[in-house]
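Undergrad: The structure is given below, and queries will be raised subsequently.
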Amino acid sequence: MAVHSLPFLFLISGLFPSLFALSDTTTCSASAPHSHQLMCELRDLKLKVSQLGLILEDSMKNLNQKSLYIENRENVIEDLSRRIHSLQSTLDGLKGESSRTDERLSALENEVRRLWAVSRKNNFDIHDLESKARDAEERLEKITSQVENMADIVTEQWIQIQRLEQALQIMERTRRQVRATRCTFLKFIKNIFGNHHQKVFGVLDPYLFGEGPTLTSYISQAKRQLKRLFLAAKKHHHQLQGFIKQEMERNEFTAALANSEVVFILFS
């Protein structure tokens, strides 16, 4: 019986050997860009799904082998039962014979006890195999659920990558629009200061040669005018930042990036 139990032990020990190989999957570098990390994680998830599929196929093969083993054991038990019945009939027919028959009867009784012990052992093995088969079925259901979950995670990661790419495209378009707006604003300021420069020298020209009131009063007036122009430029700059921040908040992909720091960087 020990010889017949060896294939069973090797079968049980090799039932799910690949479950522990999933931890060997390579991980992504923490210093890599975020988009590259997502793609690397996506490849790892696909590899895990493939490995789980192989494990599922291997588990089905093991279950089929165990089913055949149980059927063989049942056939052995049926054969032993027939032998027991035959020996019992022979034993009943030999009870009235000589001492030599009594010795044979004793040997047959011992054989019957041995066969009954073998039968009980086989019944125990079948019960143990049925219990292990139920455990294997539960593990198979668990692996199937893991495969389905991995497939959902892969799909979700792919959707997130697509959304991130769309958000990056929107940010790039917004940055180009901000640069164009900033260039227009700078041209506006340049025109204002250029015209003011000509007007100031036009006003100061007669006084530099001794005509008109004192030069100090007009310098003070020019300083006040420049201060007002600076405040106006600062106001328009803040209004432009507020407009860009508002437009970013309206879009679902750039809403999370719509803060003062990001807007300040866009205008730097």
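Under mature numbering (1 follows the signal peptide of the UniProt record, and there is no 0), the letters of the sequence shown match residues -21 to -1, 1 to 247, in that order.
Heads up, the beta-carbon is just placed ideally off N, CA and C, and yes, glycines get one too.
The structure presented is a predicted model; accordingly, all values stated were derived computationally and were not measured.
Under the assumption that Ala115 contacts Asn41 (Cβ atoms under 8 Å), give the Cβ distance between them as a whole number of angstroms.
TA: The sequence position of residue 115 within the sequence shown is 136, counting from 1. The sequence position of residue 41 within the sequence shown is 62, counting from 1. Going by Cβ atoms, the distance from Ala115 to Asn41 rounds to 7 Å, so yes, they are a contact pair.
Undergrad: Spatial neighbours of Glu90 within its chain, please: C-beta separation below 8 Å, excluding the five flanking residues on both sides.
TA: Here residue 90 refers to the residue found at position 111 of the sequence shown. Once the five neighbours on either side are set aside, the close Cβ partners of Glu90 are Leu66.
Undergrad: So which of Arg79, Asn101, Arg113 has the shortest CA-CA distance to Asn43?
TA: On the sequence shown, position 64 is the one that residue 43 refers to. Cα-wise, what sits closest to Asn43 is Arg113.
Undergrad: Which residue's Cα is closest to the Cα of Leu47: Met129, Arg142, Ser14, Glu109?
TA: For the purposes of this step, residue 47 is taken as the residue at position 68 of the sequence shown. Ranking Met129, Arg142, Ser14, Glu109 by Cα distance to Leu47 puts Glu109 first.
Undergrad: Contact defined as beta carbons within less than 8 Å: I believe Ile122 pairs with Ile34. What is the distance between those atoms, to the nearest angstrom?
TA: The sequence position of residue 122 within the sequence shown is 143, counting from 1. The sequence position of residue 34 within the sequence shown is 55, counting from 1. Yes, Ile122 and Ile34 are in contact; Cβ-Cβ is about 6 Å, under 8 Å.
Undergrad: Is the number of C-beta pairs between the stretch 123 to 130 and the stretch 79 to 93 that are closer than 8 Å three or more?
TA: no
Undergrad: When we look at the beta-carbon of Lys45 and count the other beta-carbons within 10 Å, is it buried (16 or more) or exposed?
TA: Start at 1 with the first residue of the sequence shown, and residue 45 comes out as number 66. Lys45 is buried by the Cβ-count criterion.
Undergrad: Taking 9 Å as the cut-off, decide whether the C-beta atoms of Ile105 and Ile63 are in contact.
TA: Against the sequence shown, residue 105 aligns to sequence position 126. Against the sequence shown, residue 63 aligns to sequence position 84. For Ile105 and Ile63, no; Cβs fall outside 9 Å.
Undergrad: Return the Cβ separation of Leu17 and Gln136 in integer angstroms, given the expectation that the two are a contact with Cβ distance under 8 Å.
TA: In the sequence shown, the residue the question calls residue 17 occupies position 38. In the sequence shown, the residue the question calls residue 136 occupies position 157. Going by Cβ atoms, the distance from Leu17 to Gln136 rounds to 6 Å, so yes, they are a contact pair.
Undergrad: By a C-beta neighbour count over all protein chains shown, 10 Å radius and 16 as the cutoff for buried, is Met129 buried or exposed?
TA: Looking up residue 129 in the sequence shown gives position 150. Using a 10 angstroms sphere on the CB of Met129, the tally of other CB atoms reaches 16 or more, which defines it as buried.
Undergrad: Looking at Ile138: is its Cβ nearer than 9 Å to the Cβ of Ser14?
TA: Taking the sequence shown and counting its residues from 1, the one referred to as residue 138 is at position 159. Taking the sequence shown and counting its residues from 1, the one referred to as residue 14 is at position 35. No, they are not a contact pair.
Undergrad: Could you compute how far the alpha carbon of Gly32 sits from the alpha carbon of Ile56?
TA: Counted from its first residue, the sequence shown places residue 32 at position 53. Counted from its first residue, the sequence shown places residue 56 at position 77. Their Cα atoms are separated by approximately 36 Å.
Undergrad: Do we get a CB-CB distance below 9 Å when we pair Lys40 with the residues of chain D?
TA: Going by chain labels, chain D is absent from the structure shown, which holds only one protein chain.
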